[in-house]
Amino acid sequence: MGLNLLMAQKDRSGLLTRTFDNNYIVKYLGINEYAVYDGYKTAQTSAQMAKANVSDLRSVRNYLKANYVKPNPEYTGVAKGKNVLIIHLESFQQFLIGYKWKGKEVTPNLNKIYHQKDTISFDNFFNQVGQGKTSDAEMMLENSLYGLQSGSAMSTYGTSNTFESAPAILHQEAGYTTAVMHGGAGSFWNRNNAYKSFGYQYFMPLSFYKNKPSYYIGYGLKDKIFFDQSIKYIERLPQPFYLKMITVTNHYPYQLDKKNQTIDKTNTGDETVDGYVQTAHYLDQAIGELMRWMKKTGLDKNTLVVLYGDHYGISGNHHKASAELLKKKSFNDFDNLQFQRVPLMFHMKGLKGGINHTYGGEIDVLPTLLNLLGVNDKGTIQFGYDLLSKHTPQIVAQRNGDFITPEYSKVGSNYYDTKTGQKIKPDKKLKTKLTSISNQVTTQLSLSDRVINGNLLRFYRPKWFTKVKPKDYDYNKEPSLKRLYDDPSKTSLWYKNHKKTTQKDFKTDAPELKK
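Under our numbering, the very last position in the sequence shown is 1246; numbers go up by exactly one each time.
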């Protein structure tokens, strides 16, 4: 196993620590070596769970009770009964909003949504992912629990753990139909198992879609093709629905076939960075096509659209190119921390919108969303806060212990003034304050880790919540579609359209689909 392990790590760095797909590990290690590795991981996970007990959960609940922040009553229930469409913007950073290259907007459709009067947009919203990257973002959005310090919580614990997730809460409390659509492999990040533990009724990965070589790039279907082929499923979902759509074209290494390139690459000389605007522009075009379909069919009138970037697209290994993109003379560790901003937008007809400057992160999305929907989450274990509350603490934890607040930022052992970027040499009084913030970050991260590593939610659930049973869900294509198409409710878009498809209302310029 040792030789295979070394070769696997050399060929695919982070393969074992991030564990994004067991099928990939089998490919690189071999089936026998994988069996040994899997046995070790299982034993390690079981040992951590065996040590956990009810008293561990008590300390978590006491912390959450002591640090509770009341949601903003002005926004409570403003989206009650609305569909929720979450659009996962892969590797999409905040700086792209409004960014122009050679006089051309890179993301004109998202720019328009961001600035509309019925969109609540956040300009100080940060990704908080660790090694689990996208899966960490999903863990936070669905559960308000942080990803782990090492590896992926969804991959390691998604099958075995008990969760109180958004889809289960919304289905039980408000009758939502819950689904995920994704043009990539269902096993990636262990989604095919984790989503069952989260309580998703439907999961439609790549196996549900027609896939030709020209339709696929990188990690899945090109976004325009993915949205086009998803229409036949979206329109059959009984309303209200809670639907997450995961895009993949704007994924490292940001390569796009020539016929889909409609904006020039940037010219920093960094191959990874220069392709980023092309794939982001393509994603933006796909979003525009989907939003126009929603308007054409009237779905926009009763849907809250949530758009968020899951994590950085340009890593800290590209300081020089990042400085050129941002037209800065230099780019240091503080700049890189600020570069972790990603978009968050809540868009709905009639919503009282505007650009919100509150500092927050992905851990805060679920409590914010549930308040907008007016859905009860009393007693659940969530580490985030309603971003619209005037009393949110505005301490944004990073998985490595760094933090950002409106006043101060911590990178490693250094502190900075958030507004000016100047390094701070704190006096005794300020040092005490910064240490207190740092301790709050460490406490929150460690308590969240305790919940996941110890599977603490098996010991407790709110009285109103029914424990999710993963075995109740079948994501195989044939039974899933039979269940969807045989659903007796009369609330789907298809039913309201006199049992006719709305596929013709979706217009795409995808060259692969031209007749």
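Even for Gly, the Cβ is constructed at its ideal location relative to N, Cα and C. Nothing here was measured: the structure is a model prediction, and the numbers come from that model.
Item: Spell out the partners DSSP gives Thr818 in its beta bridges.; Value: Note on identity: in this sequence residue 818 is Ile, with Thr being the wrong assignment. Beta-bridge pairing links Ile818 to Met976 and Leu1038.
Item: Determine whether the beta carbon atoms of Phe957 and Gly914 lie at a separation below 8 Å.; Value: yes
Item: Under 8 Å: do the region 1147 to 1167 and the region 862 to 870 share three or more Cβ pairs, one atom per stretch?; Value: no
Item: Could you give the DSSP three-state label for Gly1092: helix, strand or coil?; Value: strand
Item: Tell me which residue opens and which closes the alpha helix (DSSP H) that Tyr933 is part of.; Value: Segment Tyr933 to Met935 is the beta strand (DSSP E) holding Tyr933; no alpha helix (DSSP H) there.
Item: Rounded to the nearest angstrom, how far is the Cβ of Ser1169 from that of Lys1141, given a contact under 8 Å?; Value: 6 Å
Item: Sort Tyr933, Gly917 and Phe894 by Cα distance to Ala682 and report the nearest one.; Value: Residue coverage of the chain in this structure runs from 732 to 1246, which leaves residue 682 outside it and unanswerable.
Item: Here's the rule: buried if 16 or more other CB atoms are within 10 angstroms of the residue's CB, otherwise exposed. What is His1012?; Value: buried
Item: Could you name the residues of the same chain whose beta carbon sits closer than 6 Å to that of Met976, not counting the 5 residues immediately before and after it, in chain order?; Value: Ile818 and Met912
Item: If we call anything under 8 Å between Cβ atoms a contact, is Asn1180 one with Leu879?; Value: The displayed chain sequence assigns Asp, not Asn, to residue 1180. Cβ distance < 8 Å, so Asp1180 and Leu879 count as in contact.
Item: Which residues in the same chain as Gly1091 place their Cβ atom closer than 6 Å to its Cβ, once the five residues preceding and following it in sequence are excluded?; Value: Phe856 and Leu1118
Item: Could you give the C-beta distance for Gln847 and Gly1040, rounded to a whole number, given that I count them as a contact under 8 Å?; Value: Not quite, the Cβ-Cβ distance comes to about 18 Å (not below 8 Å), so this is no contact.
Item: How many whole angstroms separate the CB atoms of His1078 and Asp1001, which I take to be in contact at a CB cut-off of 8 Å?; Value: Actually they are not in contact, since the Cβ atoms of His1078 and Asp1001 sit about 33 Å apart, beyond 8 Å.
Item: Who are the near neighbours of Leu1021 in its chain, counting only those whose CB is closer than 6 Å to its CB and skipping five residues on each side?; Value: Phe958
Item: Since Asp954 is in the alpha helix (DSSP H), which residue starts that stretch and which ends it?; Value: Asp954 to Ile965
Item: By the DSSP assignment, the beta strand (DSSP E) with Met1079 in it spans what residues?; Value: Counting along the chain, Met1079 falls outside any beta strand (DSSP E), and DSSP gives it neither H nor E.
Item: Less than 8 Å between the beta carbons of Lys1121 and Pro1193, yes or no?; Value: no
Item: Taking 8 Å as the threshold (C-beta atoms), are Phe972 and Asn814 in contact?; Value: yes
Item: By the DSSP assignment, the beta strand (DSSP E) with Thr993 in it spans what residues?; Value: Thr993 -> no beta strand (DSSP E), and no H or E assigned at all.
Item: Label Ile1045 either buried or exposed according to how many other C-beta atoms from any shown protein chain fall within 10 Å of its C-beta, with 16 as the threshold for buried.; Value: buried
Item: What first and last residue would you give for the beta strand (DSSP E) that runs through Asp845?; Value: The sequence given here has Tyr at residue 845, not Asp. No beta strand (DSSP E) holds Tyr845; the alpha helix (DSSP H) holding it covers Pro839 to His846.
Item: For the 8 Å Cβ check, are there 3 or more pairs between the region 881 to 900 and the region 921 to 928?; Value: yes
Item: Put Asn1145 into one of helix, strand or coil per three-state DSSP.; Value: strand
Item: Distance, Cα to Cα, Ile948 vs Gln992?; Value: 13 Å
Item: Is the separation between the beta-carbon of Arg967 and that of Tyr1206 shorter than 8 Å?; Value: no
Item: Using only alpha-carbon positions, find the residue among Gly1085, Val1172 and Gly1105 that is nearest to Asn803.; Value: Gly1105
Item: So Ile962 packs on Thr1233, CB below 8 Å; how close in whole Å?; Value: 6 Å
Item: Pairing CB atoms from the region 981 to 995 with CB atoms from the region 1213 to 1231, are three or more of them under 8 Å?; Value: no
Item: I need the straight-line Cα distance from Thr807 to Asn1102, nearest angstrom please.; Value: 5 Å
Item: Taking all protein chains shown into account, do 16 or more other C-beta atoms lie within 10 angstroms of the C-beta of Arg789, making it buried, or fewer, making it exposed?; Value: exposed
Item: Which one of Ser1167, Gly834 and Asp1236 has the shortest CA to CA distance from Lys1159?; Value: Ser1167
Item: Determine the contact status of Asp1095 and Ala1017, defining contact as a CB-CB distance below 8 Å.; Value: no
Item: Considering only residues of the same chain and omitting the five flanking positions on each side of Phe894, which have a CB-CB separation below 7 Å?; Value: Asn874, Ser928, Phe929, Leu1188 and Val1199
Item: Specify the secondary structure class of Phe853 as computed by DSSP and reduced to three states.; Value: strand
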